[in-house]
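>
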Amino acid sequence: MESLHRALLNSSWVSLTAVGVATLAVVMGLLSLFVASKNHFPVEGRTVLLTGASEGMGRSAAIQLAAKGANVIIVSRNVGRLEETLAEVRAAAKSPSTQRFHYISADVAEPDYAAAVIAEAIAWNGGAAPDIVWCVAGMSTPMLWAEDGSVAAARRNMDVNFFGAADMSAAILREWLAPENASKSPYAEPKHLIFTASVLALFAIVGYAPYTPSKWAIRGLADTLAMELNLYPNHPVRVHVVYPATIVSPGLARENQTKPDITVELEKDEPPETPETVARRAIAGLEKGQYFVAVSLLGKLMQAGIMGGSPRNNWIVDTVLGWFMPVVYFFVLKVMNGQVLGWARKHGHPSTYPKKG
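Mind the numbering: the sequence shown is residues 35 to 391 in the working numbering, read in order.
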């Protein structure tokens, strides 16, 4: 993805990018004159459950949501890290005397793990299901697809990234959509189901074959649920998908242990974001009511280039950028494929590359 950013700065067509960005700014500026500001993601006094919340983006999001007044349940495997994180979440509370915090130890890769997690959350929360569920837990094992072990790595990535989120979404929707839980008011604050994908679900690059399909699958599930939930007009639920890029975290350190050198080369020109920054931007997008929540300008441009049948954040902005991005991608693909071909000429057959991991 960082190679895409470098391509966007290429002098041969930077003017095209500038036109697209300027168009986006103008259109959004005009729209802001007519659209009232509203927080579509109020969390004060509501209960939020986050998976993968003992480190990285999930941990930062839990802390920031506590600072906005939410009751927070964090889910992860490691009890020691959960206890440390819960202390930081509690310390960030907006109203320490009234907010409540809890952790649940669970492995999202285990089949049917989520039902027990939701049951424990409901019992702790006075018999009520969490109002917001954010599936953050994930992993990445970059490898070349022809390497030994790549398919096994892909299965593990799919278990954690996709099935971990899919299992949780099914468990919480069974609670939210039960007939007895129908809203008593058409103006009731909706529940929120948040998936965490990746910019690699918008644009794939070499080295992430075991990882990228799991994030594309999340987007497919979210798009499907966004339509399916129309079957339940008296059970308002909003679906969102967050698209972070590289984040400084323990997960990045683990990822780099197997990452191919060509992938490192493609990513070298854009530094990773801090978990705090990514969480803050994601929450800001949720507060704006966005379905696709891109946390960078690059992500917003990539999002516009691949919307297909997905719900739009803004039909005008997304359509204008959608017209523009195919031109951008013409150059991007030429640049990136040229880099990969040049790497092959310089370094030879991938079977001769040093083994990692």
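Backbone N, C-alpha and C define an ideal beta-carbon position, used for all residues, glycine too.
Out of Val273, Val142, Glu144, Ile206, which one is the CA nearest neighbour of Ile156?
Locating residue 156 in the sequence shown gives position 122, counting from the first residue. Of the candidates Val273, Val142, Glu144, Ile206, the one whose C-alpha sits nearest the C-alpha of Ile156 is Ile206.
> Along the beta strand (DSSP E) that carries Val109, what are the first and last residues, could you check?
Here residue 109 refers to the residue found at position 75 when the sequence shown is read from its first residue. First-last of the beta strand (DSSP E) with Val109: 105 to 110.
> If distances are taken between C-alpha atoms only, which option among Ser344, Lys334, Ile296, Ser71 comes closest to Phe358?
The sequence position of residue 358 within the sequence shown is 324, counting from 1. Among Ser344, Lys334, Ile296, Ser71, the Cα nearest to that of Phe358 is on Lys334.
> Assuming Thr230 is part of the beta strand (DSSP E), what are its boundary residues?
Counted from its first residue, the sequence shown places residue 230 at position 196. Looking at the DSSP string, the run of the beta strand (DSSP E) that includes Thr230 is 225 to 230.
> Determine the burial state of Ile350: buried for a count of at least 16 other Cβ atoms within 10 Å of its Cβ, exposed for fewer.
Indexing the sequence shown from 1 puts residue 350 at position 316. Its Cβ having fewer than 16 others within 10 Å, Ile350 is exposed.
> Under 6 Å Cβ to Cβ from Asn371, same chain only, skipping five residues before and after it: list those, please.
Stepping through the sequence shown from its first residue, residue 371 is reached at position 337. Within the same chain, Asn371 has no close Cβ partners at all.
> With Thr280 and Pro309 assumed to form a contact (beta carbons below 8 Å), what rounded beta-carbon distance in angstroms separates them?
If you number the sequence shown from 1, residue 280 lands on position 246. If you number the sequence shown from 1, residue 309 lands on position 275. Actually they do not touch by this definition, with Cβ atoms about 11 Å apart.
> On the DSSP bridge list, what partners appear for Glu307?
Numbered from its first residue, the sequence shown carries residue 307 at position 273. According to DSSP, which records beta bridges pairwise, Glu307 is partnered with Ile281.
> Out of Asp141, Tyr266, Ala163, Ala180, point me to the one whose CA is closest to Ser385's CA.
Within the sequence shown, residue 385 is the residue found at index 351, counting from 1. Selected option, being the one with the closest Cα: Ala180.
> So which of Ala148, Asp257, Pro360, Thr81 has the shortest CA-CA distance to Phe135?
Walking along the sequence shown from the start, residue 135 turns up at place 101. Among Ala148, Asp257, Pro360, Thr81, the Cα nearest to that of Phe135 is on Thr81.
> On the premise that Gly90 lies in contact with Pro284, defined as a C-beta separation below 8 Å, what is that separation, rounded to the nearest angstrom?
Within the sequence shown, numbered from 1, the residue matching residue 284 stands at position 250. Within the sequence shown, numbered from 1, the residue matching residue 90 stands at position 56. That pair is a contact at about 7 Å.
> Which value, in whole angstroms, describes the spacing of the CA atoms of Gly356 and Ala338?
Position 322 of the sequence shown, counted from the first residue, corresponds to residue 356. Position 304 of the sequence shown, counted from the first residue, corresponds to residue 338. Spanning the two alpha carbons is a distance of roughly 5 Å.
> Go ahead and label Ser46 buried or exposed: buried means 16 or more other beta carbons lie within 10 angstroms of its beta carbon, across all protein chains shown.
Residue mapping note: residue 46 aligns to position 12 of the sequence shown, counting from 1. Interpretation of Ser46 is limited by its pLDDT of 38, a score under 50 that renders its predicted location unreliable; the figure taken from the coordinates is listed afterwards. Its Cβ having fewer than 16 others within 10 Å, Ser46 is exposed.
> Should Val113 go down as buried or exposed, given a rule of 16 or more other Cβ atoms within 10 Å for buried?
If you number the sequence shown from 1, residue 113 lands on position 79. It is exposed - the Cβ of Val113 has fewer than 16 other Cβ atoms within 10 Å.
> Could you name the residues of the same chain whose beta carbon sits closer than 6 Å to that of His383, not counting the 5 residues immediately before and after it, in chain order?
Residue 383 sits at position 349 when you count from the first residue of the sequence shown. Result list for His383: empty, nothing under 6 Å.
> With a threshold of 16 other CB atoms inside 10 Å of the CB of Gln133, please say whether the residue is buried or exposed.
The count along the sequence shown starts at 1 and reaches residue 133 at position 99. Buried, since its Cβ has 16 or more Cβ neighbours within 10 Å.
> Return helix, strand or coil for Tyr137, following the three-state DSSP convention.
On the sequence shown, position 103 is the one that residue 137 refers to. Here Tyr137 sits in strand by DSSP.
> Using the beta-carbon count (16 or more within 10 Å), is Met173 buried or exposed?
Here residue 173 is taken as the residue at index 139 of the sequence shown, counted from 1. Classification for Met173: buried.
> Take Ala100 and list the residues in its own chain whose beta-carbon comes closer than 6 Å to its own, dropping the five residues that flank it on each side.
One-based indexing of the sequence shown puts residue 100 at position 66. Once the five neighbours on either side are set aside, the close Cβ partners of Ala100 are Val106, Val123, Ala126, Ala127.
> What is the DSSP secondary structure of Phe326, counted as helix, strand or coil?
As a first step, residue 326 must be located in the sequence shown, where it is residue number 292. Looking at Phe326 - three-state DSSP - the assignment turns out to be strand.
> Do you know offhand how far Thr297's Cα is from Met336's?
Counting from one through the sequence shown, the residue named residue 297 turns up at place 263. Counting from one through the sequence shown, the residue named residue 336 turns up at place 302. Using only the alpha carbons, I get a separation of about 19 Å.
> Which two residues bound the contiguous beta strand (DSSP E) that contains Val167?
By one-based count along the sequence shown, residue 167 stands at place 133. Per DSSP, Val167 belongs to the beta strand (DSSP E) from 166 to 169.
> Do you know offhand how far Tyr242's Cα is from Phe364's?
Against the sequence shown, residue 242 aligns to sequence position 208. Against the sequence shown, residue 364 aligns to sequence position 330. Those two C-alpha atoms are separated by around 21 Å.
> Could you spell out the range, first to last residue, of the beta strand (DSSP E) harbouring Val240?
Locating residue 240 in the sequence shown gives position 206, counting from the first residue. Element bounds for Val240: n/a, residue is neither H nor E.
> Keeping to the same chain, check which residues put their C-beta closer than 7 Å to that of Leu43; ignore five residues upstream and five downstream.
Taking the first residue of the sequence shown as position 1, residue 43 is located at position 9. With a pLDDT of 41 at Leu43, under the threshold of 50, the predicted position of this residue should be treated as unreliable, though the coordinate-derived value follows. Excluding residues within five positions, none has a Cβ falling inside 7 Å.
> Between the region 238 to 253 and the region 265 to 272, do at least 3 Cβ pairs fall closer than 8 Å?
No, the region 238 to 253 does not touch the region 265 to 272.
> Would the region 135 to 150 and the region 253 to 267 be scored as touching if the rule is three or more Cβ pairs under 8 Å?
Segments in contact, no.
> Can you grab the Cα-Cα spacing for the pair Lys102 / Val77, in whole Å?
In the sequence shown, counting from the first residue as 1, residue 102 sits at position 68. In the sequence shown, counting from the first residue as 1, residue 77 sits at position 43. So the two alpha carbons sit approximately 7 Å from each other.
> According to the Cβ coordinates, are Pro247 and Ala188 closer than 8 Å?
Here residue 247 corresponds to residue number 213 of the sequence shown, with the count starting at 1. Here residue 188 corresponds to residue number 154 of the sequence shown, with the count starting at 1. Result yes, Cβ atoms of Pro247 and Ala188 sit closer than 8 Å.
> Return the first residue and the last residue of the beta strand (DSSP E) that Val123 is part of.
Along the sequence shown, read from residue 1 onward, the residue named residue 123 stands at position 89. No beta strand (DSSP E) holds Val123; the alpha helix (DSSP H) holding it covers 113 to 125.
> Please confirm whether Ser203 and Leu227 have their CB atoms less than 8 Å apart.
Translated into the one-based positions of the sequence shown, residue 203 becomes position 169. Translated into the one-based positions of the sequence shown, residue 227 becomes position 193. Yes, they are a contact pair.
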